[in-house]
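To start, the structure itself, in structure tokens.
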Amino acid sequence: IKGFEVMRALRKGQARPWCLQPGIRGEVRLVERAFGIGPSALTEAMGMLNHHFAAAA
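Read left to right, the sequence shown gives residues 25 to 81 (my numbering).
Written out as structure tokens, the structure is:
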């Protein structure tokens, strides 16, 4: 049921607040996390922060 609800929310445009990136990339990552086939949201967020701080240094 969880996956079905995620796909329905994506089609209705209701999943945007949970996407870390805009557009299709954010949707793909949301689906990966929902189905357990990608990195967790915390791991992904930490990677983005590390990349940002490395670029700023």
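Note that the Cβ used here is the ideal one computed from N, Cα and C, for glycine as well.
Cα-Cα separation between residue i and residue j, rounded to whole angstroms
i: M70; j: H76; result: 10 Å
i: P79; j: L73; result: Note that residue 79 corresponds to Ala in the displayed sequence, not to Pro. Cα to Cα, A79 sits roughly 10 Å from L73.
i: L66; j: A81; result: 22 Å
i: R49; j: K36; result: 17 Å
Close-in-space but distant-in-sequence residues of the same chain around residue i (CB under 6 Å, 5 per side omitted)
i: V30; result: A58
Pair within 7 Å by beta-carbon distance, residue i and residue j
i: E56; j: G62; result: yes
Range of the contiguous alpha helix (DSSP H) that encloses residue i
i: G62; result: That residue, G62, is in no alpha helix (DSSP H); it is neither H nor E in DSSP.
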